[in-house]
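Residue 393 is where the sequence shown ends in full-length UniProt numbering, and the numbering goes up by one at each step.
Just so you know, even glycine gets a beta-carbon here, dropped at the ideal spot from N, CA and C.
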Amino acid sequence: MKLFKKSLYIAAAMVVSFVSIQCKDGKKKEASTEVAKSVAKVTITKESFGTTEDNIPVDNYTLKNSNGMEVSVITYGGIIQSLKVPNKDQVIEDVVLGFNSLAQYEKPNPYFGALIGRFGNRIAKGKFSLDGKEYTLATNDGENHLHGGPEGFHRKVWSATENQTEHSASLVLTYLSKDMEEGYPGNLQVEVTYMLTDKNDLAVTYSATTDKKTVLNLTQHSYFNLSGDFSKTILDHDVTIDADKYLPVDATLIPTGELRDVTGTPFDFREAKQVGKEINSDNEQLKRGLGYDHCWVLNGKEGEIAFAASAYDKASGRMLEVYTNEPAIQFYTGNFLDGTLPSKQGGNYEHRTGFCLETQHYPDSPNQKDFPSVVLEPGQNYKSSTVFKFSVK
Ligand code: GLA
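Below is the structure:
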């Protein structure tokens with residue numbers, strides 16, 4: 001069977017070169033491109049992305065599908081370093097913020113493209129208790145703990161293996177987080193798979209096991225700008241979020257515990273709405289977040305993969321839909337970007353030039369008994385799935 005497929009490819013490739021040699025006018029050239037397209041296939045390439053300050057080698061894996069869409073993931077932080085997606089005219093451009101060098105990722109930065117662990121978003125005052133025992137985490141966001149701490153998963157070098165089928169390319173990243181790393185109990189074995197398919201889906205699947213009772217809330221922190229032009233803000237993107245409720249926060253961005261109805265507020269994204277439409281309204285929650293930086297409680301049933309949110313950039317025609325089995329999504333509009341970090345495209349990342357849609361459990365869950373549990377026990381298998389689905393319209 002394999003041999004048969006191989007000879008088919010060789011035969012098709014021969015047709016392409018034959019047609020191209022014969023081509024003299026534009027019309028015939030078009031035909032050859034079409035043939036070439038039909039033999040384009042999934043590929044995975046690996047190259048060095050340099051070494052860390054501690055001299056650990058870092059690789060950059062590029063998964064490419066047969067439509068020319070590609071994602072580059074570096075083993076440092078499991079970071080999506082670039083994500084190249086076609087627009088409505090088939091022009092393929094990068095739609096995620098990030099850097100060109102490893103050194104820049106090692107400097108303080110707002111988690112561009114990174115895997116976040118052990119805990120997405122904030123834990124109040126860096127403290128929580130399990131079975132009467134109190135755990136203390138680093139406070140790296142004022143008085144709170146944020147995104148797993150200063151040495152969270154976004155700064156670890158992950159082991160990688162690649163996997164390829166006819167219609168998909170995957171990268172499987174693994175990491176063993178030792179007992180009490182960043183203050184969290186349990187040796188935690190984590191596996192994250194990025195899978196790019198020929199349907200232009202990028203699926204991110206997380207699994208983990210522990211040898212001691214612990215808490216866990218993994219997510220992906222890509223900043224999208226669907227225009228492909230990082231000098232533009234994302235304020236004209238149309239966003240929908242399938243949520244009737246969101247979590248209001250206190251002055252330090254910790255959820256108050258209330259699940260608030262979005263109806264009649266700037267937080268209502270049940271119908272597509274431009275991000276910029278109400279972002280500067282006179283609203284206490286928007287002032288606290290300096291824009292949108294909140295967790296929406298998804299309408300889908302917990303545990304089942306369902307539509308969560310979408311973003312659409314009319315000019316490029318690019319559409320992103322997010323599906324997840326997580327109960328919530330953090331919508332963050334790049335409010336802390338302030339023009340100090342260098343863009344991959346030259347210049348700097350200005351205010352609100354990227355947005356994040358971080359699928360997750362609710363922030364501060366370990367301290368809020370009415371929020372869905374984030375406890376992981378020995379013998380249980382943590383499973384979380386998110387699909388970023390790209391199309392044009
Ligand atoms: C998250 C948080 C924001 C901010 C960014 C990173 O999305 O909710 O408040 O910390 O990460 O800068």
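So, at 6 Å on beta carbons, what are the nonlocal neighbours of residue i in its own chain, with the 5 sequence-adjacent residues on each side left out?
i, result
"Gly300", "Ala306"
"Glu278", "Pro266"
"Leu130", "Lys213"
"Lys383", "Ser207"
"Asp191", "Before going further, note that residue 191 is Glu rather than Asp in the sequence given. Thr174 and Ser207."
"Thr324", "Ala308, Thr359 and Thr386"
"Asn100", "Lys344"
"Lys64", "Thr43 and Glu70"
"Ile56", "Val157"
By Cβ distance below 7 Å, which residues in the same chain neighbour residue i in space, the five residues on each side in sequence not counted?
i, result
"Arg122", "Asp141, Asn144, His145, Leu146, Leu253, Ile254, Pro363 and Asp364"
"Arg155", "Gly77"
"Asn381", "Ser207 and Thr209"
"Gly257", "Gln368 and Asp370"
"Val392", "Pro86, Asn87, Lys88, Gly317, Arg318 and Met319"
"Asp338", "His351"
Out of curiosity, what's the CA-to-CA distance linking residue i and residue j?
i, j, result
"Ser82", "Met69", "11 Å"
"Val322", "Lys125", "31 Å"
"Val375", "Gly148", "15 Å"
"Thr240", "Ser66", "29 Å"
"Lys199", "Leu171", "17 Å"
"Cys356", "Val275", "12 Å"
"Ser32", "Thr45", "Annotation note: pLDDT 37 at Ser32 (below 50); position unreliable, coordinate value reported separately. So the alpha carbons of these two residues sit roughly 25 Å apart."
"Ala106", "Leu247", "Looking at the sequence itself, residue 106 is Glu, so the reference to Ala does not match. If you take the alpha carbons of Glu106 and Leu247, they lie about 32 Å apart."
"Glu166", "Lys41", "8 Å"
"Val204", "Glu302", "17 Å"
"Tyr292", "Asn283", "11 Å"
"Asp54", "Glu151", "14 Å"
"Met195", "Thr340", "32 Å"
"Ala138", "Gln164", "39 Å"
"Gly334", "Gln189", "31 Å"
"Tyr61", "Val73", "5 Å"
"Glu304", "Ser281", "34 Å"
"Pro108", "Gly50", "18 Å"
"Glu271", "Ile80", "29 Å"
"Leu290", "Thr193", "33 Å"
"Gln90", "Glu162", "27 Å"
"Thr233", "Glu377", "42 Å"
Relative to the alpha-carbon of residue i, which residue among the options has its alpha-carbon at the smallest distance?
i, options, result
"Tyr206", "Gly78, Cys356 and Gly354", "Gly78"
"Gly379", "Leu102, Gly186, Gly289 and Arg118", "Gly186"
"Ala315", "Asn280, Glu278 and Gly228", "Gly228"
"Ala103", "Val58, Val85, Leu115 and Ile80", "Val58"
"Thr263", "Ala243, Gly276 and Gln274", "Ala243"
"Thr43", "Asn109, Ser168, Thr209 and Lys178", "Ser168"
"Phe119", "Leu216, Pro248 and Asp268", "Leu216"
"Thr386", "Val249, Leu226, Ser222 and Val157", "Ser222"
"Thr75", "Asp293, Glu47, Val95 and Ala308", "Glu47"
"Glu93", "Ile80, Glu271 and Asn225", "Asn225"
"Phe269", "Tyr105, Ser384 and Phe331", "Phe331"
"His294", "Leu235, Gln360 and Asn325", "Gln360"
"Gln285", "Ser391, Asp250 and Asp54", "Asp250"
"Lys178", "Met195, Gln164, Pro108 and Asp211", "Asp211"
"Leu235", "Glu377, Lys273 and Phe49", "Lys273"
"Leu218", "Pro108, Asp338 and Pro327", "Pro327"
"Gly183", "Asn163, Glu304, Lys287 and Lys133", "Lys133"
"Asn135", "Leu290, Asn100, Glu304 and Met180", "As written in the sequence, residue 135 is Tyr, which differs from the Asn given in the question. Ranking the options by Cα distance to Tyr135, first place goes to Met180."
"Gln220", "Ile329, Pro108, Asn100 and Leu290", "Ile329"
"Phe390", "Thr197, Glu162, Ile56 and Leu63", "Thr197"
Quick one: what's residue i bridged to in DSSP?
i, result
"Leu115", "Gln220"
"Ser82", "Ser72"
"Tyr135", "Phe128"
"Gln285", "Answer is none; Gln285 lacks a bridge partner."
"residue 395", "Because residue 395 is not part of the residues shown, which for the chain are 1 to 393, the question remains open."
"Ile44", "Leu63"
"Ser316", "Ser316 pairs with nothing; no bridge assigned."
"Phe355", "Phe224"
"Pro255", "Val249"
Would a C-beta distance cut-off of 8 Å place residue i and residue j closer than the cut-off?
i, j, result
"Leu298", "Ser310", "no"
"Pro366", "Phe128", "yes"
"Val85", "Arg318", "yes"
"Ala160", "Leu173", "yes"
"Pro110", "Phe336", "yes"
"Gly113", "Val96", "yes"
"Gly117", "Phe153", "yes"
"Asp238", "Tyr312", "yes"
In chain order, what residues of the same chain lie with their CB nearer than 8 Å to the CB of residue i, ignoring the 5 residues before and after it?
i, result
"Ser231", "Ser343, Gln345, Gly347, Glu350 and Thr353"
"Lys245", "Leu259, Arg260, Asp261, Val262, Trp296 and Val297"
"Thr52", "Val58, Tyr76, Leu102, Glu106 and Val157"
"Arg288", "Val249, Asp250, Ala251 and Leu253"
Using beta carbons (cut-off 8 Å, strictly below), is residue i in contact with chain B?
i, result
"Lys125", "No chain B is part of this structure, which consists of one protein chain only."
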